[in-house]
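Colleague:
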Amino acid sequence: MFMDTTILKNQIQYTLQLLAAVYIALEIALPPNPYIKHIIIVATIVIIIKHNVVENILNVYDRILKYIKETI
1146 MFMDTTILKN QIQYTLQLLA AVYIALEIAL PPNPYIKHII IVATIVIIIK
1196 HNVVENILNV YDRILKYIKE TI
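The opening position of the sequence shown corresponds to residue 1146 in the numbering used here, with each subsequent residue numbered one higher.
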């Protein structure tokens, strides 16, 4: 009944990539670079989602906690 997380992740990634493309197009069209912060934020989020940074951090955190529990 629940949505598959990989499908949702791909949908969010494609939406953010579209936003990045729009911001880059606006950046090129307008000379004083008003959208540079938006591009950086959206690109960072796309990279984090694409490379599973959140899952990797959680895995490392779980391994550290497991190691600490075993040693105590």
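Ideal Cβ placement from N, Cα and C applies to all residues, glycine included.
1) Can you say whether Met1146 is buried or exposed, counting buried as having 16 or more other CB atoms within 10 angstroms of its CB?
2) Per DSSP, what kind of secondary structure is Met1146 in: helix, strand or coil?
3) At a cut of 8 Å, does the region 1173-1185 reach the region 1202-1210 through at least three beta carbon pairs?
4) Return the first residue and the last residue of the alpha helix (DSSP H) that Ile1217 is part of.
5) Give me the Cα-Cα distance between Ile1193 and Tyr1159, rounded to the nearest whole angstrom.
Modeller: Concretely, from the data shown:
1) For the purposes of this step, residue 1146 is identified with residue 1 of the sequence shown, where counting begins at 1. Because Met1146 sits at a pLDDT of 48, beneath the cut-off of 50, its placement in the model cannot be relied upon, and the following sentence gives the value as read from the coordinates. Burial call: exposed.
2) Translated into the one-based positions of the sequence shown, residue 1146 becomes position 1. Low per-residue confidence applies at Met1146: pLDDT is 48, beneath 50, and the placement is therefore not dependable, though the value from the model is reported in the following sentence. Coil.
3) no
4) As a first step, residue 1217 is located in the sequence shown; it is residue number 72 there, counting from the start. Segment: none, Ile1217 is in no alpha helix (DSSP H) and carries neither H nor E.
5) Here residue 1193 corresponds to residue number 48 of the sequence shown, with the count starting at 1. Here residue 1159 corresponds to residue number 14 of the sequence shown, with the count starting at 1. Those two C-alpha atoms are separated by around 13 Å.
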